[in-house]
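Read in UniProt numbering, the sequence shown has 32 at position 32, and its numbers run on one by one without any break.
Note that the Cβ used here is the ideal one computed from N, Cα and C, for glycine as well.
Small disclaimer: the values here were computed from a predicted structure and weren't measured.
Let me begin by presenting the structure, written as structure tokens, before commenting on it.
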Amino acid sequence: MKWQSFMSTFVLNKMCEVISSGVRTDKGFKEVHLNTVAKQVFEFCGQEVSATQVYNHLRKWRNRWIQVSKLRDLSGASWDENTCSIVLEVEHYAGHVPDHPRDVEFLNTPIQNYNQMQHIFSFGLATGKHAMGSGEPLGSPMPDFPGTPDVEILDGPDKPAAKPFDKPFDPVDRKRKRGGLIKEEINVFCSMTEAVKEVATAIRKCKPLDVHLDLYGVVMTQGGFSDEALMAALSHLLDNKAQGVGFVAMTDAHRVL
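Right, dumping it as structure tokens:
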């Protein structure tokens, strides 16, 4: 099926809600979560989707996050926090794009659903300066969806049979990759990772509400859309301050578009 952009945003927002509810998703989502979101998609826009389709769509967005994470580490690239953009100078951009045409949609332009991708995927997938405890190198492939009702998309540590996202953290394997780190050093690194995660969570919780005062009224009074659709749009604009400010400044016809 072809996913419309508003449907993608809706799915990612719902997955963010799953995480915010306290469900651990560092290794993936259980099938029960995928089935719930599939049902919510139908209630939202009338499009029937299966848990498999939701899972495969998440794989697409996971791969986009991997690409974005790599580009953020690109030499000479800077990050614009206000617009969620990876910025390259004109000459650098002109030299990079011909050899990497697939990077165009992520450079010098706001990255669609960046905050949602970060919320869902960052702690298990980034490496380098964006690493948050991943046990697998950036770019490892995701296996196919099991496709059976009695198989969980992610098993917990007490159910090691199915590992459809990333393999679990293996201290011995990590020791080998890092060139002979001793066990004590690995434990220190793991403790530091947990501490950074806690600080990052605290910072997000303390982030002040900084949105345009007219945003709610402007969005929720648009005609021709269901309340659910308007709430999905509002949620996206609240997560993207620059886009929210721009939306308020648009003409009514452009807001509808």
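- Between the alpha carbons of residue 19 and residue 120 lies a gap of roughly 7 angstroms.
- DSSP, read as helix, strand or coil, puts residue 107 in strand.
- The three-state secondary structure of residue 3, taken from DSSP, is coil.
- Annotation note: the UniProt domain "Myb/SANT-like" (2-87) contains the following uninterrupted beta strand (DSSP E) runs of length 3 or greater, listed N- to C-terminal: 78-80, 85-87.
- The continuous alpha helix (DSSP H) containing residue 231 extends over residues 227-239.
- A distance below 7 angstroms between beta-carbons, with the five flanking residues on each side excluded, links residue 233 to the following residues of its chain, in chain order: 219.
- In the structure shown, the three-state DSSP call for residue 213 is coil.
- Residue 63 and residue 56 have their C-alpha atoms spaced approximately 11 angstroms apart.
- In chain order, 241, 242 place their CB closer than 7 angstroms to the CB of residue 82, counting only its own chain and leaving out the 5 sequence neighbours on each side.
- Rounded to whole angstroms, the Cβ separation of residue 80 and residue 90 is 15 angstroms, and the two are not in contact under 8 angstroms.
- When secondary structure is reduced to three states using DSSP, residue 250 falls in the coil class, being assigned neither helix nor strand.
- A distance below 8 angstroms separates the beta carbons of residue 238 and residue 244.
- If you draw a 10 Å sphere on the C-beta of residue 42, you find fewer than 16 other C-beta atoms in it, and that means exposed.
- Taking 8 angstroms as the cut-off, the Cβ atoms of residue 235 and residue 35 do not count as close.
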